[in-house]
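Line order of the protein sequences matches chains A and B. First residue of the first sequence: 88, per our numbering; consecutive thereafter. First residue of the second sequence: 88, per our numbering; consecutive thereafter. Backbone N, C-alpha and C fix where the C-beta goes; we use that ideal spot for every residue, glycine too.
Protein chains: 2
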Amino acid sequence: MNVINESGILGISTRLQRLSEQLRKDGFQIYKTNGIDFEPKWFPVIYTLHFKPVLSVVELATEIGYTHPSTISLLKELEKEKLIRSKKDKQDERKRLILLTEKGKKLLQQMQPVWQTMVVALTELTNTSNNIMKAIEEVEAQLNHKSFMDRAKK
Amino acid sequence: MNVINESGILGISTRLQRLSEQLRKDGFQIYKTNGIDFEPKWFPVIYTLHFKPVLSVVELATEIGYTHPSTISLLKELEKEKLIRSKKDKQDERKRLILLTEKGKKLLQQMQPVWQTMVVALTELTNTSNNIMKAIEEVEAQLNHKSFMDRAKK
DNA sequence: TTAATATATGTAGCTAACTACGTATACTTG
DNA sequence: CAAGTATACGTAGTTAGCTACATATATTAA
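Take a look at the structure:
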């Protein structure tokens with residue numbers, strides 16, 4: 088058995104998490120140096136609302152692929168920043184509809200060039216012989232087909 | 088600008104984190120169904136102590152690539168489980184030396200076949216056209232050479 | 001039309017890493 | 001050898017997701 092492989096692949100979970108943290112931290116700094124007060128974790132919410140301007144909490148959660156409690160906590164932060172607001176759905180009183188504020192829409196416009204820069208930088212960074220975005224997608228597809236758990240059951 | 092790409096790559100941090108969580112959760116279950124009371128996050132510590140049986144806290148932290156506070160909290164848990172123990176370094180009174188207990192050594196032996204199974208399963212899972220372990224290594228190398236931050240500065 | 005079930009939202013508390021900071025011991029240098 | 005610096009360890013508090021549970025409204029079925 089190959090020691091390096093063993094310790095490498097069994098530590099994959101930690102490796103993924105730490106790479107995630109590093110990119111997020113840099114992401115935050117990049118917004119900051121561009122004079123934008125924005126956190127990378129808010130991106131999926133704001134970006135989704137750009138294309139689907141009115142969504143309920145759960146619809147939004149589904150759209151960004153988070154659980155609803157995680158989404159609620161993001162929404163709380165974004166509401167505090169006055170980047171989004173919400174209103175009751177008249178048809179269904181259980182629902183809270185989420186919308187960008189004017190401030191949110193304006194910020195979104197300001198962020199466009201920064202996003203463009205980040206996309207270029209990230210594309211350059213991940214344009215290696217094994218593309219990490221594709222690799223993630225492939226592993227996710229593999230997991231969808233058969234979980235790690237099931238694969239280890241023999 | 089490609090919308091799918093943009094939302095994809097700018098959300099890379101979250102994707103990495105969630106894949107990490109999923110693998111860790113399954114990892115825990117796999118130990119469990121094999122009758123082993125062990126958490127995936129403990130792996131680097133136990134595995135390292137297998138090859139380097141006596142290490143100080145900071146040496147161990149460096150070895151596994153964690154910060155020392157993170158390492159200390161893992162060590163606390165492992166001490167509670169009686170899988171490791173510690174003793175003062177006589178040469179340097181600041182240091183606390185970490186060792187596997189007999190229970191720890193025994194568990195390590197019991198885990199070998201499970202690790203083997205997991206390595207096989209993970210290798211199968213990640214053996215896609217873009218290999219995720221290699222991709223992580225390549226991105227880490229790229230980052231080492233020039234950070235995401237620096238790449239976005241133009 | 002009430003009872004049972006389903007859906008939408010919210011709250012509380014967990015996890016696994018981190019940074020910032022504090023204290024104790026060791027080392028170095030004037 | 002005393003003062004300043006470096007190293008080792010520890011604690012406190014943060015983060016960004018999560019699960020489990022609670023409550024309110026809506027829908028369905030007897």
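Euclidean distance between Cα positions of residue i and residue j
i      : j      : result
K169/A : L187/A : 9 Å
S107/B : G95/A  : 14 Å
S173/A : H137/B : 55 Å
M198/A : E150/B : 40 Å
E146/A : L184/A : 9 Å
Q104/B : N121/A : 26 Å
T215/A : D176/B : 45 Å
I99/A  : S160/B : 20 Å
I133/B : V206/B : 16 Å
H155/B : R111/A : 21 Å
S157/A : L165/B : 30 Å
A222/B : Q229/A : 16 Å
I123/A : N217/B : 34 Å
Q196/B : D113/B : 21 Å
E225/B : K233/A : 27 Å
N89/B  : Q109/A : Caution applies to N89/B, whose pLDDT of 35 falls short of 50 and renders its modelled position unreliable; the value that the coordinates give is listed next. Going by the C-alpha atoms only, they are around 25 Å apart.
L194/A : F235/B : 22 Å
V144/A : N231/A : 26 Å
K139/B : K167/B : 21 Å
A148/B : L97/A  : 17 Å
Enclosing alpha helix (DSSP H) for residue i [first to last residue]
i      : result
I171/A : No alpha helix (DSSP H) holds I171/A; the beta strand (DSSP E) holding it covers 171-175.
I219/B : 219-232
Y134/B : 130-138
I99/A  : 99-120
F125/B : Neither: F125/B is in no alpha helix (DSSP H) and is coded neither H nor E.
V158/B : The sequence shown places Thr at residue 158/B, rather than the Val named in the question. First-last of the alpha helix (DSSP H) with T158/B: 155-167.
D179/A : Note, D179/A: premise wrong, no alpha helix (DSSP H); not H, not E.
Boundaries (first-last residue) of the beta strand (DSSP E) holding residue i
i      : result
I185/B : 183-187
Which listed residue (the options) has its alpha carbon closest to that of residue i
i      : options                        : result
R102/A : A239/B, L142/B, G152/B         : G152/B
L162/A : T135/A, D179/A, K177/A         : T135/A
E227/B : L194/A, N231/A, I219/A         : I219/A
K240/A : Q203/B, L195/B, I133/B, H155/B : Q203/B
V201/B : K112/B, R111/B, K119/B, Q109/B : K119/B
D237/A : L97/B, G98/B, Q116/B           : Q116/B
V242/B : I171/B, E166/B, D124/B, K167/B : This structure gives no information on residue 242/B, because the portion of chain B shown stretches from 88 to 241.
Cross-strand partners of residue i (DSSP beta bridge)
i      : result
L142/B : I185/B
I'd like to know if the segment 207-218 of chain A and the segment 177-192 of chain A are in contact, where contact means that at least 3 CB-CB pairs between them fall below 8 Å.
no
For the 8 Å Cβ check, are there 3 or more pairs between the segment 171-185 of chain B and the segment 118-133 of chain A?
no
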